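Engineer:
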Amino acid sequence: MPIYMVIFECKSSDKDYTGFFSKIKEIGHPWSNDVGSTWLIGHLGNASTIRDILKRHLDKEDRLLVAKLARKDAAWSGFSTMSSEWLMRHLS
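Counting from -19, one number per residue, gives the positions in the sequence shown under the numbering used here.
#1: From I(-13) to Y(-3), what does the alpha carbon distance come to, in whole angstroms?
#2: Between the C-alpha atoms of K40 and D32, what's the straight-line distance to the nearest angstrom?
#3: Let me know the secondary structure DSSP gives F(-12) once reduced to three states.
#4: Provide the residue(s) that pair with T18 in DSSP beta bridges, ordered along the chain.
#5: Distance, Cα to Cα, H23 vs D(-6)?
#6: Identify which residue in H37, L44, L45, H70 has its Cα closest to the Cα of S52.
#7: Report the rounded CA-to-CA distance for M68 versus P(-18), giving the unit in angstroms.
#8: Taking the C-alpha atoms as reference points, what is the distance between D42 and G16?
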């Protein structure tokens, strides 16, 4: 299953983003959140589909980036053994 990186920036300090986080967990199988506002999710759709689903839960001022990851073009550092194993297991 393709893995997508979802990065967001919340501009509104008084908005409740619970729905956004719940939706990421709902559509991402598997999902991981080891770096602040960056999530990695497995999804059979494409980046545009994921963006359209998630942006409904954000304000217009918020920013969202969805990008497909590939193992051959991915590198990381400073992650726990468990997180690194997750990445190696799920990146295709």
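Beta carbons are placed, not taken as given, at the ideal position from N, Cα and C, and that holds for glycine. Remember, predicted model here, so these are calculated numbers, not experimental data.
Structural biologist: Put simply:
#1: 14 Å
#2: The straight-line gap from Cα to Cα measures roughly 13 Å.
#3: The DSSP-derived three-state label of F(-12) is strand.
#4: Beta-bridge pairing links T18 to I(-13), V15.
#5: 30 Å
#6: Just to set this straight, residue 52 is Lys in the shown sequence, not Ser. The option with the nearest alpha carbon to K52 is H70.
#7: So the alpha carbons of these two residues sit roughly 13 Å apart.
#8: 15 Å
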